[in-house]
Amino acid sequence: MRNFIFSFLALILLPAYMSGQVIKGKVSDKNGIGIPGAIVVAADSRTSTDTDFDGNFSIKAKEGEVLKISMVGFDAVSVKAAAGTMTVNMQESKDTELKEVVVIGYGTAKKRDLTGSIVKVEGKIVADKPNTNPVSSIQGRVAGLSVVNSGQPGAEPDVRIRGTVSRYNTKPLYVVDGIFTDNINFINPNDIESMEVLKDPSSLAIFGVRGANGVIIISSKKAKAGKTTVNYNTTLGVKSIVERPSLTNALQFQTLYDEQRVNQGAAPYSYYDKFRGDTDWIDTISNDNAIFTNHNLSVSNGTDKNKFYLGVGYVEDEGLIDNEKFKKFTFNLNNELQISDAIKIGVGFSGVDARPAQLNNFGSALNATPIVEPFNSVEGVYNQLPTQIGGAQIENPLLTVQGRQGTQLNQETRFVGNVFAEFKLFKDLKFRAAYYADLGYNKGTGYTPVFNVYVAETDELTLAGGNAQTSINQYSNNYEKTQQDYLLTYNKSFGNHNLTAMAGYTRYYFGFESINGFVSQYIGGDAIPNDKRWWYLNVYPYGDPSSSRSSSSQYENGTVSYFGRVLYNYDGKYLLNASFRRDGSSAFIGENRFQNFWSMGAAWDVSKEDFMQDQKIFNTLKIKGSYGELGNQYTSIQYPSYPNYTTGASAVFGDKLVPAYILAYRSNPNLKWETVTSYEGGIEVGTLNNRLKLEATYFDKTTNDLLTFVSLGAESFYTNAGEIKNKGFEFSASWNDKISDDFDYSISGNFTTLDNEVKSVYEEGFQVTDGPSILTAGAPIGSFYGYIVEGVYQSYNDVLGSTPSSLGDYGPGDLKFKDVNGDGKITPDDRTIIGNPTPDIMYGMSASVRYKNFTLSADLQGVYGNEVWRDWGNGSTFAQFNYRTERLDRWTGPGTSNWEPSVNDGSSYNKQNSTYMIEDGSYVRLRNVQFAYDFDSKLLNKFYIQGLKLFINAQNPVTWNNNSGFTPEAGGSPISFGRDFGGYPLPAITTLGLNVTF
43 MRNFIFSFLA LILLPAYMSG QVIKGKVSDK NGIGIPGAIV VAADSRTSTD TDFDGNFSIK
103 AKEGEVLKIS MVGFDAVSVK AAAGTMTVNM QESKDTELKE VVVIGYGTAK KRDLTGSIVK
163 VEGKIVADKP NTNPVSSIQG RVAGLSVVNS GQPGAEPDVR IRGTVSRYNT KPLYVVDGIF
223 TDNINFINPN DIESMEVLKD PSSLAIFGVR GANGVIIISS KKAKAGKTTV NYNTTLGVKS
283 IVERPSLTNA LQFQTLYDEQ RVNQGAAPYS YYDKFRGDTD WIDTISNDNA IFTNHNLSVS
343 NGTDKNKFYL GVGYVEDEGL IDNEKFKKFT FNLNNELQIS DAIKIGVGFS GVDARPAQLN
403 NFGSALNATP IVEPFNSVEG VYNQLPTQIG GAQIENPLLT VQGRQGTQLN QETRFVGNVF
463 AEFKLFKDLK FRAAYYADLG YNKGTGYTPV FNVYVAETDE LTLAGGNAQT SINQYSNNYE
523 KTQQDYLLTY NKSFGNHNLT AMAGYTRYYF GFESINGFVS QYIGGDAIPN DKRWWYLNVY
583 PYGDPSSSRS SSSQYENGTV SYFGRVLYNY DGKYLLNASF RRDGSSAFIG ENRFQNFWSM
643 GAAWDVSKED FMQDQKIFNT LKIKGSYGEL GNQYTSIQYP SYPNYTTGAS AVFGDKLVPA
703 YILAYRSNPN LKWETVTSYE GGIEVGTLNN RLKLEATYFD KTTNDLLTFV SLGAESFYTN
763 AGEIKNKGFE FSASWNDKIS DDFDYSISGN FTTLDNEVKS VYEEGFQVTD GPSILTAGAP
823 IGSFYGYIVE GVYQSYNDVL GSTPSSLGDY GPGDLKFKDV NGDGKITPDD RTIIGNPTPD
883 IMYGMSASVR YKNFTLSADL QGVYGNEVWR DWGNGSTFAQ FNYRTERLDR WTGPGTSNWE
943 PSVNDGSSYN KQNSTYMIED GSYVRLRNVQ FAYDFDSKLL NKFYIQGLKL FINAQNPVTW
1003 NNNSGFTPEA GGSPISFGRD FGGYPLPAIT TLGLNVTF
């Protein structure tokens, strides 16, 4: 085996050590300043190298052999290798950004040829950040892109592009090396070459029914021709909670709880002598200094004919709660072979094997009374919370975290692959056929143990939660996604006319099946052992077959699509883009099974006009706009046109009672996908030798024919009704300046305004609610709905002199609600929009400074103008919770408080959804700060090392915010988001990293 490995590595690395003499030289700009990082490739021997920080290089090549030298921002140069020390001068490109190649739907294009809004993010931005999901790392970097992160290990961020356009889904479409997906957990951020965020109709229409939410295209790394590279990088980080809710301690709780009992007409609590604890439950279950580790290794080798890349990665991510650990192994392999000038084939294969953490949250830690000690060392068991203070409803948080440790074992395995063949049929025409597969296999086993807990009031042991039986649950779900693409691309220039035309056909299939099972021990029998070897449904002799239950679900769907696109420009000045797609779906019936989507875009590069050549202000001046119709295929069920059957009224036939089944809802043969009509207009400016770049865009997106489920009592059905509008401005700016070989710096920022409004739902007055969130005409989607608090009743005279309320019993010390409709009484009709979870403004800023080998960079990000719903700390009528420390400022008599009501959690009056639960969601966060050192290439070359970088990174070290929870960020569903359940913080993470390239 060892000989095989050495032989394999020798085969890969052989091209780097081919024969030839050492050619030395220096690459510099027009001022003679060395250019670091330029790629030098020997055309015949296919060896390559990079210039060092002074622009120097040495490469094995034959004298007279052509050296090809390239560098971003400069025109490529080809020179012949010569003896001695060569000097190569490179000229700065006048329109570097416009020559940039970006990935678009089913192909690539030069950014100068496009009319829409596509933002490219280099892979290096996400590679060294401590996030398992790469989208988390670009928060605040792209105008119009909202990313709401979660602190739970392995959790997906909530991602929205230019607002919420539908009531069923917010996720953008991810396209990873050509395959469509809605989950990128198989991607190792270190294997990413670039990410393109597509936002406008001219770039999205080609995706048809999957383009409405925006698209993020991810391209994985490929080998570069003439270059063999081995890279290893690793990070080690420590996580911590930087902000936490303020809760009462034992003495403060006792004060408020006894006062509450008096307010309710009861005597003070009489068992304090049984509870001597003063427990901070957040501290008790927190994992102080949780560890994040990441290891990545990649090998690549490229020639003019063959490009091979292999990357593997492993990450361990501990949660902020004890005993949470997420593990993930990833791999990515791709290989391209140029068989001849006319034929190219390739294969790509990625995979992930993950062990998701057994997740908990801090909800019970926020609610549990502090007067209890977590563990009874005398009895050797966990303490139960006081019977009258949440004992039956709130489990001891430490019991949950420690006692149930390791009782849920999950595994997620996924393989994503593609094969393609590309044929050059004629000089300007090529055909590409590709097949993609995405296979997922998920399974898990859960064990429910039995615990005794100590009840202090009765000085006895009892069963935790009343559970007397151990049990097992198992699940397994698998899915299969396949995709076939067939593309014809024609690329031709006719004098000043440049044309790229593409036509294609694609098929997409998605199949899913799952099965779940449950079994418990025999009543009075032996417990199922707390050992994973016994955690199976047929656990003989412990499992009771009569208790077993099982269920399953399965579905499949498919689409077929025809599409085309034309990119045209005249002399690089006048640009036209047009796209069309026709999608057919198995989800619908009748004439609406197929729908058409399209877009048109145009741009004028004013800076290339003759009359602009003598001016010195603008290096680039481009005016652009696009218009189109996009589709949204997401619904709450798989087959809206095919209702299932449900149990209806029964009938008697003779002496038999026969159940009847009826349709779950009325079928509607006229259903179709939602349609988003979108347009934008903008301007791009480059000035001061393109050191300063500016872009401004106005966008407008209107979703029509919302897929809406209507229930009218006796009748329910799906219909297309409703409209949502999103509009706003996006601004971005960047400044890049190189002072000398030793010093350069850059700064960039973006700013987005967003106005979201539901124009209609079904018919006037129709509403959809989810807790405090509402979908209603005239308000932003997911707005908070409730009563406006005007203060606190100070006395009985205040009660008598105020508008009477029909919401329940109330008196002095209770919240005073506003009579919104002015009818002289407080009723449910006085509920109104009291908050908007969608920010009015999103912004981000990045800066970087390099001096010699040292680099300091920082990212800032924030939102403004949104509200957060505090869904914790409001008390409960069914259990006694701990109090927020703000409750110490409660009303205790006239003039004592006009905001915090008296303590009386047994009353539901103050639990009405109201502005009392609303908090400011605006915040500013220092997202990342990184300090790095790149070792001098002259020193590294002695050890055959191409590059070595050490860095320290701080993520989320500081957040300036106004809410009382762990974090102001709160994602959710399209119509219910921005709700702070108090469940999980966003950690601060400090990492040390090493990146070495051979």
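Residue numbering for the sequence shown follows our numbering, starting at 43 and increasing by one per position. Glycine included, every Cβ here is placed at the ideal spot set by N, Cα and C.
Checklist line | Proximity to Gly-632 [Cα-Cα], best of Ser-847, Ser-683 and Phe-660 | finding: In the sequence shown, the residue the question calls residue 632 occupies position 590. Looking at the Cα atoms, Ser-683 is the closest of the given residues.
Checklist line | Leu-796 in three-state terms, based on DSSP | finding: Working through the sequence shown from its first residue, we reach residue 796 at position 754. Three-state DSSP puts Leu-796 in coil, outside helix and strand.
Next item on the list: Evaluate Lys-894 with the Cβ neighbour count: other Cβ atoms within 10 Å of its Cβ, from every protein chain shown; 16 or more gives buried, anything less gives exposed.
Entry: Position 852 of the sequence shown, counting from 1, holds the residue named residue 894. Under this definition Lys-894 is an exposed residue.
Item checked: Inter-residue spacing [alpha-carbon to alpha-carbon] between Val-803 and Thr-677 -> The sequence position of residue 803 within the sequence shown is 761, counting from 1. The sequence position of residue 677 within the sequence shown is 635, counting from 1. Distance between the alpha carbons of Val-803 and Thr-677 is about 15 Å.
Note to self: Considering Cα atoms alone, identify which of Ala-821, Asn-940 and Ser-419 is closest to Glu-832.
What the structure shows: Position 790 of the sequence shown, counting from 1, holds the residue named residue 832. For the residues Ala-821, Asn-940 and Ser-419, the minimum Cα distance to Glu-832 belongs to Asn-940.
Next item on the list: For Trp-777, name the three-state secondary structure that DSSP assigns.
Entry: On the sequence shown, residue 777 is found 735 positions in, with the first residue counted as 1. The answer is strand: DSSP assigns Trp-777 an E or B state.
Check: Which residues in the same chain as Tyr-597 place their Cβ atom closer than 7 Å to its Cβ, once the five residues preceding and following it in sequence are excluded?
Finding: Position 555 of the sequence shown, counting from 1, holds the residue named residue 597. Excluding sequence neighbours, Tyr-597 sits near Phe-554 and Gln-680.
Notebook entry, point to check: Taking only runs of the beta strand (DSSP E) that begin and end inside the region 336-395, which ones reach a length of at least 3 residues, in chain order?
Noted result: As far as the region 336-395 is concerned, its whole beta strand (DSSP E) runs of at least 3 residues are 348-360 and 367-380.
Margin query: Taking the straight line between their C-alpha atoms, what separation do you get for Leu-375 and Asn-924?
Written below: What you label residue 375 is simply residue 333 of the sequence shown in a count that begins at 1. What you label residue 924 is simply residue 882 of the sequence shown in a count that begins at 1. Computed Cα separation, rounded: 53 Å.
Margin query: If contacts are defined as beta-carbon pairs under 8 Å, then Pro-685 and Leu-705 qualify, I think. What distance do you get, rounded to the angstrom?
Written below: If you number the sequence shown from 1, residue 685 lands on position 643. If you number the sequence shown from 1, residue 705 lands on position 663. Contact check for Pro-685 and Leu-705: beta-carbon distance about 5 Å, within the 8 Å limit, so the pair qualifies.
Next item on the list: Indicate whether Pro-846 and Lys-860 have their beta-carbon atoms separated by less than 8 Å.
Entry: Here residue 846 is taken as the residue at index 804 of the sequence shown, counted from 1. Here residue 860 is taken as the residue at index 818 of the sequence shown, counted from 1. No, these two residues do not count as a Cβ contact at 8 Å.
Notebook entry, point to check: What are the start and end residues of the beta strand (DSSP E) that includes Val-602?
Noted result: Start at 1 with the first residue of the sequence shown, and residue 602 comes out as number 560. Looking at the DSSP string, the run of the beta strand (DSSP E) that includes Val-602 is 591-612.
Margin query: Looking at Ile-77: is its Cβ nearer than 8 Å to the Cβ of Met-113?
Written below: Residue mapping note: residue 77 aligns to position 35 of the sequence shown, counting from 1. Residue mapping note: residue 113 aligns to position 71 of the sequence shown, counting from 1. Going by C-beta atoms, Ile-77 is nearer than 8 Å to Met-113.
Check: Is the CB-CB distance between Thr-271 and Gly-1035 below 8 Å?
Finding: Along the sequence shown, one-based indexing puts residue 271 at 229. Along the sequence shown, one-based indexing puts residue 1035 at 993. Not in contact: Thr-271 and Gly-1035 (Cβ atoms no closer than 8 Å).
Check: If you scan the region 171-202 from start to end, which runs of the beta strand (DSSP E) of 3 or more residues do you find wholly inside it?
Finding: At a cut-off of 3 residues, the continuous stretches assigned as beta strand (DSSP E) that sit fully inside the region 171-202 are 187-190.
Next item on the list: Kindly provide the ranges of any alpha helix (DSSP H) runs that are 4 or more residues long and lie completely inside the region 836-889, ordered along the chain.
Entry: Here the runs fully enclosed are 838-842.
Check: Can you tell me whether DSSP reads Tyr-760 as helix, strand or coil?
Finding: The residue labelled residue 760 in the question sits at position 718 within the sequence shown. DSSP places Tyr-760 in strand when its eight states are reduced to three.
Checklist line | Cα-Cα separation between Leu-713 and Ser-621, rounded to whole angstroms | finding: Sequence index remark: in the sequence shown, residue 713 carries index 671 (1-based). Sequence index remark: in the sequence shown, residue 621 carries index 579 (1-based). Rounded to the nearest angstrom, the two C-alpha atoms are 25 Å apart.
Item checked: Residue interval of the beta strand (DSSP E) (run including Pro-999) -> Within the sequence shown, the letter at position 957 stands for residue 999. Pro-999 -> beta strand (DSSP E) spans 989-1003.
Check: For the region 228-288, which segments carrying the beta strand (DSSP E) assignment without a break, of at least 3 residues, lie completely within its bounds, in sequence order?
Finding: 234-240, 257-262 and 269-282
Checklist line | Three-state secondary structure assigned by DSSP to Glu-139 | finding: Here residue 139 is taken as the residue at index 97 of the sequence shown, counted from 1. Legend: pLDDT at Glu-139 = 48, less than 50; position of this residue unreliable, value from coordinates given subsequently. DSSP places Glu-139 in the helix class (H, G or I) of the three-state scheme.
Margin query: Between which residues of its own chain and His-337 is the CB-CB distance below 6 Å, once the five residues before and five after are set aside?
Written below: Residue numbering aside, residue 337 sits at position 295 when the sequence shown is read from its first letter. Closer than 6 Å at Cβ, skipping near neighbours: Thr-276 and Tyr-356.
Notebook entry, point to check: Using a C-beta cutoff of 8 Å, does Ser-535 count as contacting chain D?
Noted result: Structure shown: chain D not included; a single protein chain is present.
Margin query: Let me make sure I understand the geometry here. Which of Ser-1015, Phe-773, Pro-439 and Ala-889 has the alpha-carbon closest to that of Pro-879?
Written below: Taking the sequence shown and counting its residues from 1, the one referred to as residue 879 is at position 837. Answer by Cα proximity: Ser-1015.
Check: So does the region 339-354 actually touch the region 316-326, counting three or more Cβ pairs closer than 8 Å?
Finding: Too few Cβ pairs lie closer than 8 Å, so no.
Item checked: Backbone CA spacing between Gly-319 and Ile-413 [nearest angstrom] -> For the purposes of this step, residue 319 is identified with residue 277 of the sequence shown, where counting begins at 1. For the purposes of this step, residue 413 is identified with residue 371 of the sequence shown, where counting begins at 1. Rounded to the nearest angstrom, the two C-alpha atoms are 5 Å apart.
Note to self: Taking 6 Å as the limit between beta carbons, can you name the residues of its chain near Ile-387, skipping five residues before and five after?
What the structure shows: Working through the sequence shown from its first residue, we reach residue 387 at position 345. Result list for Ile-387: Leu-379 and Ala-463, in chain order.
Item checked: Where Ala-691 falls, given that 16 or more other Cβ within 10 Å makes a residue buried -> Locating residue 691 in the sequence shown gives position 649, where the first residue counts as 1. Exposed: under 16 other Cβ atoms inside 10 Å.
Next item on the list: Tell me whether the beta-carbon of Ile-185 lies closer than 8 Å to the beta-carbon of Thr-794.
Entry: Taking the first residue of the sequence shown as position 1, residue 185 is located at position 143. Taking the first residue of the sequence shown as position 1, residue 794 is located at position 752. The question names Ile, but residue 185 is Ala in the sequence shown. Cβ atoms of Ala-185 and Thr-794: closer than 8 Å.
Checklist line | Three-state secondary structure (DSSP) of Trp-577 | finding: As a working mapping, residue 577 is identified with position 535 in the sequence shown. Of the three classes helix, strand and coil, the one that applies to Trp-577 here is coil, per DSSP.
Note to self: Considering only their Cβ atoms, is the gap separating Ser-956 from Leu-849 smaller than 8 Å?
What the structure shows: By 1-based counting over the sequence shown, the position of residue 849 is 807. By 1-based counting over the sequence shown, the position of residue 956 is 914. No, they are not a contact pair.
Note to self: Only counting the same chain, and skipping five residues up and downstream in sequence, which positions put a Cβ closer than 7 Å to that of Ile-659?
What the structure shows: Residue mapping note: residue 659 aligns to position 617 of the sequence shown, counting from 1. So the qualifying residues of the chain are Thr-729.
Next item on the list: Express the C-alpha separation of Ser-668 and Gly-158 in angstroms, rounding to a whole number.
Entry: Counted from its first residue, the sequence shown places residue 158 at position 116. Counted from its first residue, the sequence shown places residue 668 at position 626. Each residue's Cα considered, the two are about 7 Å apart.
Notebook entry, point to check: What distance in whole Å lies between the Cβ atoms of Ser-262 and Val-163, which are believed to be in contact at a cut-off of 8 Å?
Noted result: Taking the sequence shown and counting its residues from 1, the one referred to as residue 163 is at position 121. Taking the sequence shown and counting its residues from 1, the one referred to as residue 262 is at position 220. No, Val-163 and Ser-262 are not in contact; Cβ-Cβ is about 14 Å, not under 8 Å.
Next item on the list: Return yes when the Cβ of Ser-244 is within less than 8 Å of the Cβ of Thr-745, no when it is not.
Entry: Taking the sequence shown and counting its residues from 1, the one referred to as residue 745 is at position 703. Taking the sequence shown and counting its residues from 1, the one referred to as residue 244 is at position 202. It is not a contact, given that the beta carbons lie outside the stated cut-off.
Check: Of the residues Gly-361, Lys-349 and Asn-863, which one's Cα is nearest the Cα of Thr-335?
Finding: Here residue 335 corresponds to residue number 293 of the sequence shown, with the count starting at 1. Among Gly-361, Lys-349 and Asn-863, the Cα nearest to that of Thr-335 belongs to Gly-361.
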